[in-house]
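Under our numbering, the first residue of the sequence shown carries the number 6, and numbering increases by one thereafter. We put the CB at the ideal spot given by N, CA and C, even for glycine. Just so it is clear, the structure is predicted and the values come from calculations on it, not from any experiment. Comments concern the structure below.
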Amino acid sequence: MKPTIGFIGLGLMGRPMSLNLVKAGYTVTVWNRTASRTDELVLAGANSAGSPREAAEQADFLITIVSDPAALEQVLWGASGSSDGALAALKPGSIYMDCSTISPDLARKVAGACAAKKVRFLDAPVTGGDWGAKKGELIFMIGGDEQTIKEAEPVIGVMGKKWFHLGPNGAGQTIKLAMNAMLALQVEALAEALALVTAAGLPGEKLVEVMQSSMARSGVLDVKAPNLLKGQYTPSFPLRLMLKDLNLGLELARQVGVALPATAAARETYAHVTEGAKEDLDYSAVMKFWDKAQGAKTS
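This is how it looks when you write it as structure tokens:
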């Protein structure tokens with residue numbers, strides 16, 4: 006029998022992830038802070054909860070994917086003085102999987118709270134963009150117990166094409182923060198290189214053409230180069246969230262005593278562009294830093 010699923014967080018990633026679960030025949034109860042985002046899911050056959058607690062009450066398997074650590078803490082423990090938190094409602098023996106990107110410390114705190122209730126917890130941040138979420142082709146980076154992952158695999162397999170057991174709770178978040186730092190650096194490096202080439206009077210397309218045939222080619226180049234060349238930054242992974250992840254990664258680096266000078270410099274560039282953004286943009290909009298520096302018209 007398929008487990009009943011509670012799903013909290015219906016943003017760019019959560020909405021298609023939960024929709025895929027509904028289409029796969031799972032009984033899914035959804036909650037989102039902006040209630041109107043549940044409408045599409047309800048039309049598809051999901052149930053709508055009035056609070057995070059209600060989404061968790063009947064769930065054999067709870068999934069959360071929210072914007073940042075503060076949002077997750079509020080979802081789990083409720084706002085100050087409220088009883089709407091999901092954690093208190095989780096059933097002993099159930100599985101809770103958080104797909105947000107948070108700190109490893111918070112993942113371990115949640116794991117401890119779950120263990121006290123005999124709930125099995127997986128920290129399982131994802132990568133793959135909103136297109137991967139729509140296709141059910143996400144990649145999950147998982148920290149937690151191997152047997153729990155085995156039991157979760159049928160659910161994970163509806164949303165993702167590959168998943169990795171990386172270690173105990175907190176390991177998934179550690180790998181995700183390291184990987185996002187590298188992705189941020191790759192896109193910033195591409196933006197810098199394009200700024201140099203165009204300032205020298207050559208089309209950026211020429212640089213990308215050569216890179217595509219060299220060791221510089223990467224998945225990030227394939228996906229993000231068109232954004233930078235066209236100045237079109239519709240978010241598949243928002244700039245504000247990449248900045249949040251850079252901050253989390255640098256805090257982790259501070260805790261473990263590792264210097265990340267390139268990541269620290271990138272954080273300042275991303276922060277500058279985020280501060281000036283008037284709308285929600287993809288993180289490839291870091292290119293706007295060089296548009297402004299050159300006095301060019303920004304998109």
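Going by beta carbons, Val124 and Leu171 fall outside the 7 Å limit. Here Ile147 is near Ala129, since their CB atoms are less than 7 Å apart. In the displayed model, Phe294 falls within a helix according to three-state DSSP.
Between Leu226 and Leu199, the C-beta gap is not smaller than 7 Å, which leaves the two residues out of contact. Setting aside the 5 residues that flank it on each side, Ala49 is surrounded in the same chain by Leu24, Val27 and Lys28, each with a C-beta closer than 8 Å to its C-beta; the list follows chain order. No Cβ-Cβ contact shorter than 7 Å links Ala194 with Trp295. Between Ala157 and Ile100 the beta-carbon gap is near 6 Å, inside 8 Å, which marks them as a contact. Nearest to Glu273 by C-alpha distance, out of Asn252, Val71 and Ala54, is Asn252. For Leu199, the enclosing alpha helix (DSSP H) covers residues Ala176 to Ala204. By the CB criterion at 7 Å, Trp36 and Ala54 fall inside the cutoff. When secondary structure is reduced to three states using DSSP, Leu15 falls in the coil class, being assigned neither helix nor strand. The shortest CA-to-CA distance from Val115 to any of Gln152, Ala189, Thr69 and Thr279 is the one to Thr69. At a Cβ-Cβ threshold of 7 Å, Val71 and Gly14 count as neighbours.
Fewer than three Cβ pairs drawn from the segment 161 to 175 and the segment 200 to 210 lie within less than 8 Å of each other, which leaves the two stretches out of contact. For Thr69, the beta-bridge partners assigned by DSSP are Ile13 and Asp103.
Remark: fewer than three beta-carbon pairs, one from each stretch, lie closer than 8 Å, so the segment 255 to 272 and the segment 206 to 224 are not flagged as touching. Sequence-distant partners of Asp285 (beyond 5 residues in either direction) whose C-beta falls short of 6 Å from its own C-beta, in its chain, are Pro240 and Pro243. Counting only runs of 3 or more residues that sit fully inside the segment 87 to 152, the beta strand (DSSP E) segments are 100 to 103, 125 to 128 and 143 to 148, in chain order. Sequence-distant partners of Leu257 (beyond 5 residues in either direction) whose C-beta falls short of 8 Å from its own C-beta, in its chain, are Ser108, Pro109, Thr179 and Leu182. Partner residues in the beta bridge of Phe169, as assigned by DSSP, are Met146. Around the CB of Ala40, fewer than 16 other CB atoms lie within 10 Å, so the residue is classed as exposed.
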